[in-house]
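S.K.:
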Amino acid sequence: MQKLLAAMDAGSIDHVMISGIPVAKKWHENEPKRPRYYAGDDAPVYWYSATDVLVAAALEDLDEEQRKRFHPFLSGFNPNDKNADAHIRRMLELNPGLWQGLGEVFTRHDDVTALTEGDTPRANNEALARVYHLAAEFDLPVMLHSNITSKRERNPLYLVELEEPLRNHPHTRFIWAHAGTSMELHRHQEKLEFLHDTVSRLLDDYPNLYIDLSWTMLQPYLLDDDKRPDPKWVALVKRHPKRFVIGSDVVGHFDNLATGMHAFAPFLDALPASVAQGVARDNFLALLPRKRQAELR
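Set out below in structure tokens:
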């Protein structure tokens, strides 16, 4: 955590959302070497609830002022299990006031999906519907990873899986991780030409939707190959100035945190100062539980 704090200071980063990875990689009996990455071999990954215990323990080691900069989201539950909401409730009661959101919830997620033991989670399944109700009850935002399409289909194939909960849970705040994009999708399609218009319509139709611009959104969407801001995305953010947030999506290593966040500068500089401040910082804080927001004032 001290390395993360140092990286935050180096990048002038006041606040971060922090969460564990909800799956763990199995070291299979037939593999002679422990895998360093989920895609290192074809052994499965499995849902790992201890990830939240590790996050909570790491935060407990910080002093009060340091802890105020972290906003932990709870992620260690199986999105296919209709007991998930009961597990989350127990975790919330175990550490009252600690958890400030849920996620990143993994549903359709490229090769992670293929390697995960059990059924493929959908953002609109019954188990997650129960989780969304709980999130509204506790005033918690939900960060959801739900790919917008498959590797081959050049249309928003899986969009209905996101739209259904947006429509059915209007009192739950949803953060759509990377707007449904991924590195694997880009390897096959380079750029999803339908993404801008799809995101634009969703923001018009669902006031409870917020867009995370991290990872695969920076390029090729926000910036072109020459790192110039895309006018269409600039206009969209200006039209919905409170609905976008940025992030690093780094996992475990923080040496490049400042560099990664500063890569957004050309896009932020193309926005009015107040809008840029919102996208870079304030919009995320406004998504947190109202009680937590009051403590930050």
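The sequence shown begins at 1 in the UniProt record's numbering and counts up by one. All residues carry an ideal CB built from backbone N, CA and C; glycine is no exception. These figures come from a predicted structure and were not determined experimentally.
1. Would you list the one or two residues that DSSP bridges to L271?
2. For H15, decide whether its Cβ has a neighbour in chain C, counting only Cβ atoms nearer than 8 Å.
3. If distances are taken between C-alpha atoms only, which option among P272, D269, I246 comes closest to G260?
4. Helix, strand or coil for F254? Go by DSSP, reduced to three states.
5. Hey, quick one: how far does the beta strand (DSSP E) through V105 stretch, first residue to last?
6. Can you tell me whether E161 is buried or exposed, with buried defined as 16 or more other CB within 10 angstroms of its CB?
7. Count the other CB atoms within 10 Å of the CB of L213; is the residue buried (16 or more) or exposed (fewer)?
8. If you measure between the beta carbons of A10 and A258, is that distance less than 8 Å?
9. So what's H188 in DSSP terms, helix, strand or just coil?
10. Taking all protein chains shown into account, decide if H188 is buried (16 or more other Cβ within 10 angstroms of its Cβ) or exposed.
11. If distances are taken between C-alpha atoms only, which option among H186, D255, A129, G20 comes closest to Y221?
12. What does the alpha-carbon distance come out to for the pair L271 and H169?
13. Going along the chain, which residues of its own chain have a beta-carbon closer than 7 Å to the beta-carbon of L94, five neighbours each way excluded?
14. Is it right to say H71 is buried, meaning 16 or more other beta carbons lie within 10 angstroms of its own, or is it exposed?
15. Can you confirm whether the segment 170–181 touches the segment 194–209 when touching is taken to mean that 3 or more C-beta pairs between the two stretches lie within less than 8 Å?
16. Would you mind working out which of G76, H133, R122 sits nearest A50, comparing C-alpha positions?
17. Tell me the DSSP secondary structure of Y221 in three-state form.
18. Kindly indicate which three-state DSSP category I246 falls into: helix, strand or coil?
M.R.: Checking against the coordinates, here is how it stands:
1. None, per the DSSP bridge assignment.
2. Absence of chain C from the displayed structure is noted, only one protein chain being present.
3. I246
4. coil
5. 101–106
6. buried
7. buried
8. yes
9. helix
10. exposed
11. H186
12. 31 Å
13. none
14. buried
15. yes
16. G76
17. helix
18. coil
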